[in-house]
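Asker: The sequence shown begins at 2 in this note's numbering and counts up one residue at a time.
Below is the structure I would like to discuss, written out as C-alpha cells.
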Amino acid sequence: MFGTSGPRNPVLIYKLYSNMRPSDFSSDQHPFYLATRKIDTAFQWFLRQQLGVNKLGQMLKAMAKDAGFPEHKRITNHSVRKFLVQKLRNSNIPPT
C-alpha cells in the first residue's frame with residue numbers, strides 16, 4: 002500500500018484512524034477494531050473496548066448489502082474483496 006493524493010489516500014486515512022483512537026490504547030498489544038462512541042466527540046471516536054465478532058459480522062453484511070452484493074451468496078472475506086475489486090474496476094477507480 003502506498004500514499005496517493007486526494008481524499009482516498011490510505012496512509013492519511015489510517016493516520017486519522019490512529020489519531021482518533023484512545024492514546025493509551027494504541028500499542029501492538031491492543032485490538033485493532035475498537036467499539037465506536039455513541040456520543041459525538043470530535044477528539045476521540047473509539048472506546049477502550051474491542052469490537053465483538055458478531056458486530057463485525059453485522060457490519061460486513063450491512064456493507065455488502067449497501068454495495069449491491071447479491072444477498073443469496075455466502076459472504077467471505079475473499080468474495081467481498083473480489084466483488085469490491087470488480088466494482089472499482091468497472092467504475093474506473095484507479096488502484097491505490
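Here a beta-carbon is modelled for each residue, glycine too, at the ideal position from N, C-alpha and C.
No experiment lies behind these values; they were computed from the predicted model shown.
Whose C-alpha, out of Asp29, Ser27, Leu52, Asp25, is nearest the C-alpha of arginine 38?
Answerer: Leu52
Asker: Using the Cα positions of asparagine 93 and valine 86, report the straight-line distance between them to the nearest angstrom.
Answerer: 11 Å
Asker: Suppose you measure from the CA of arginine 90 to the CA of phenylalanine 84; what does that come to, to the nearest Å?
Answerer: 10 Å
Asker: If you draw a straight line from the C-alpha of methionine 64 to the C-alpha of threonine 77, how long is it?
Answerer: 13 Å
Asker: Does the distance from the CB of glutamine 50 to the CB of leucine 61 come in under 8 Å?
Answerer: no
Asker: Can valine 54 and phenylalanine 70 be called in contact, C-beta distance under 8 Å?
Answerer: no
Asker: Could you give the uninterrupted runs of the alpha helix (DSSP H) lying entirely in the region 17-64, keeping only those of 4 residues or more?
Answerer: none
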